[in-house]
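Student: The sequence shown: position 222 = 221 (numbering that gives the first Met the number 0), numbered continuously.
Can you keep this structure in mind? I'll have questions shortly.
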Amino acid sequence: MRPVVVAVAITGSVPRKLDNPAVPITPPGQVESTHAAFEAGAALVHIHVRNADETPSSDPALFAQVQDGVRRHCPGMIIQFSTGGRGRDPAARGNALDLCPDMASLSTGSVNFPSTVYENSAALVTDLATRMQTHHVRPEIELFDFSHIHGACRLIEAGLMDDHPHVQVVMGIKNALNALPAEDHVLDVMVAEIRRLLPRATWTAAGIGINQSRVMERVLARGGDGVRTGLEDNTRISRGRLASCNHELVQPAAEIMQRHTCRPATAAETRAMLGLDAAYGSGRRCLSP
Ligand code: ZN
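The following block contains the structure:
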């Protein structure tokens, strides 16, 4: 069976406890939720942190607490900080990169979200990519639109990234004017362009809300390297029921994989697939423990 990376996006910047009480907000809650997802087969955790009032935060101290806890309780799990999301000061979005997580998300262009512009100016993208390179943090390129693939190519041309990044197509953001719809032909176009321009890249896709499992099926049918689940993207296990925790969302991912003769990659396999160090922070000068 082919190993496929299962990423769990535990918190995000949008869902609140009112939407689903299982959304982990505090660092201890986030570590606990990550640990259960890790035990269920997730090898990569995508992390946003929150203030006590649940608003999005860029506080490195919060990121450090989550990173420290995940390293302790989930041996080898790939830690990916978000440098994006809604409600964060753009100037602060890279503040935690000197904690040297394994990876960080990097959006290479702007997009209209439902009530706001998710702004990623050329200067901001370049600054974040430069900081990631400095701290040996591997980027996961977030593709919210076709042109964002070309934005990734510009970073490679500028020497800010190697030619085999991990890329993620984000599909199905509800009520967003120009977000990618979660449709087969759209994914086909995106994957064809990724393969043409970034033939050495690994790739995955995230389906938002009700699109989550459908997008997983399509990624696996097309030979993708990873799938993504978690409460950031989807708070429901079915139309009528909220997910009780992040790990409850990992279980259907594993079932869908079986149908495609795939299985969740271990943390070690994921590190090899995504070109990551075998151990945390080896040889890096970082601020984290
Ligand atoms: Zn995120």
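For every residue, glycine included, the Cβ atom is placed at its ideal position computed from N, Cα and C.
Computed from a predicted structure; not experimentally measured.
1) Please classify residue 24: does DSSP put it in a helix, a strand, or coil?
2) Pick out whichever of 44, 252, 153, 76 has its Cα sitting closest to the Cα of residue 267.
3) Please confirm whether residue 225 has its beta-carbon closer than 8 Å to some beta-carbon of chain B.
4) Which whole runs of the beta strand (DSSP E) in the segment 90-140 are 3 residues long or more, in chain order?
5) Just checking my contact of residue 2 with residue 231 at CB under 8 Å: how many whole Å lie between their CB atoms?
6) Leaving out the 5 sequence neighbours to the left and right, which residues in its chain are closer than 7 Å to residue 66 when beta-carbon positions are compared?
7) I need the boundaries of the alpha helix (DSSP H) containing residue 149, first residue and last residue.
8) Does the Cβ of residue 104 lie closer than 7 Å to at least one heavy atom of the ligand ZN?
9) Could you tell me which residues DSSP pairs with residue 77 in its beta bridges?
10) Between residue 57 and residue 105, what straight-line distance do the alpha-carbon atoms span, to the nearest angstrom?
11) Buried or exposed: where does residue 256 fall if 16 or more other Cβ atoms within 10 Å of its Cβ makes it buried?
12) For the ligand HEM, any of its heavy atoms closer than 7 Å to the Cβ of residue 120?
13) Following a CB-centred definition, is residue 47 positioned closer than 7 Å to any heavy atom of the ligand ZN?
14) Would you mind working out which of 131, 4, 86, 109 sits nearest residue 95, comparing C-alpha positions?
15) Could you give the C-beta distance for residue 294 and residue 44, rounded to a whole number, given that I count them as a contact under 8 Å?
16) Looking only at DSSP bridge pairs, what is residue 165 linked to?
17) If distances are taken between C-alpha atoms only, which option among 0, 218, 103 comes closest to residue 133?
18) Report yes if the C-beta distance between residue 107 and residue 154 is below 8 Å; otherwise report no.
19) Suppose only complete runs of 3+ residues qualify. What are the beta strand (DSSP E) ranges in the segment 221-251, listed by chain order?
20) May I ask you to report which of helix, strand or coil DSSP gives residue 179?
21) Span of the beta strand (DSSP E) holding residue 4?
22) In terms of residue numbering, what span does the alpha helix (DSSP H) encompassing residue 59 cover?
Tutor: Let's see:
1) For the purposes of this step, residue 24 is identified with residue 25 of the sequence shown, where counting begins at 1. Here residue 24 sits in coil by DSSP.
2) Here the question's residue 267 lines up with position 268 in the sequence shown. Comparing Cα positions, the closest option is 76.
3) In the displayed structure, chain B is absent; only one protein chain is listed.
4) 102-106
5) Start at 1 with the first residue of the sequence shown, and residue 2 comes out as number 3. Start at 1 with the first residue of the sequence shown, and residue 231 comes out as number 232. That belief does not hold up - the Cβ atoms of residue 2 and residue 231 are roughly 23 Å apart, past 8 Å.
6) Your numbering for residue 66 matches position 67 in the sequence shown. Once the five neighbours on either side are set aside, the close Cβ partners of residue 66 are 78, 98, 100, 287.
7) As a first step, residue 149 must be located in the sequence shown, where it is residue number 150. That run of the alpha helix (DSSP H) goes 146-156.
8) As a working note, residue 104 is residue 105 in the sequence shown. Correct: residue 104 has its Cβ closer than 7 Å to the ligand ZN.
9) Taking the first residue of the sequence shown as position 1, residue 77 is located at position 78. Answer is 43, bridged to residue 77.
10) As a first step, residue 57 is located in the sequence shown; it is residue number 58 there, counting from the start. As a first step, residue 105 is located in the sequence shown; it is residue number 106 there, counting from the start. Straight-line Cα distance between these residues: approximately 15 Å.
11) Mapped onto the sequence shown, residue 256 falls at position 257. By the 10 Å Cβ count, residue 256 comes out buried.
12) Looking at this structure, you won't find the ligand HEM anywhere; what it does contain is the ligand ZN.
13) Taking the sequence shown and counting its residues from 1, one reaches residue 47 at position 48. Yes, the ligand ZN has a heavy atom inside 7 Å of this Cβ.
14) Against the sequence shown, residue 95 aligns to sequence position 96. Minimum Cα distance to residue 95 is reached at 131.
15) This structure does not reach residue 294, given that the chain is present from 0 up to 288, and the question cannot be answered.
16) The residue given as residue 165 occupies position 166 in the sequence shown. DSSP output for residue 165 lists 139, 201 as bridge partner(s).
17) Taking the first residue of the sequence shown as position 1, residue 133 is located at position 134. The residue with the shortest Cα to Cα distance from residue 133 is 103.
18) Position 108 of the sequence shown holds residue 107. Position 155 of the sequence shown holds residue 154. Yes.
19) 225-228, 235-237
20) Numbered from 1 along the sequence shown, position 180 holds the residue referred to as residue 179. For residue 179, the three-state secondary structure derived from DSSP is strand.
21) As a position in the sequence shown, residue 4 is number 5, starting the count at 1. 1-8 is the span of the beta strand (DSSP E), which, as asked, contains residue 4.
22) In the sequence shown, residue 59 corresponds to position 60, counting from 1. Per DSSP, residue 59 belongs to the alpha helix (DSSP H) from 59-72.
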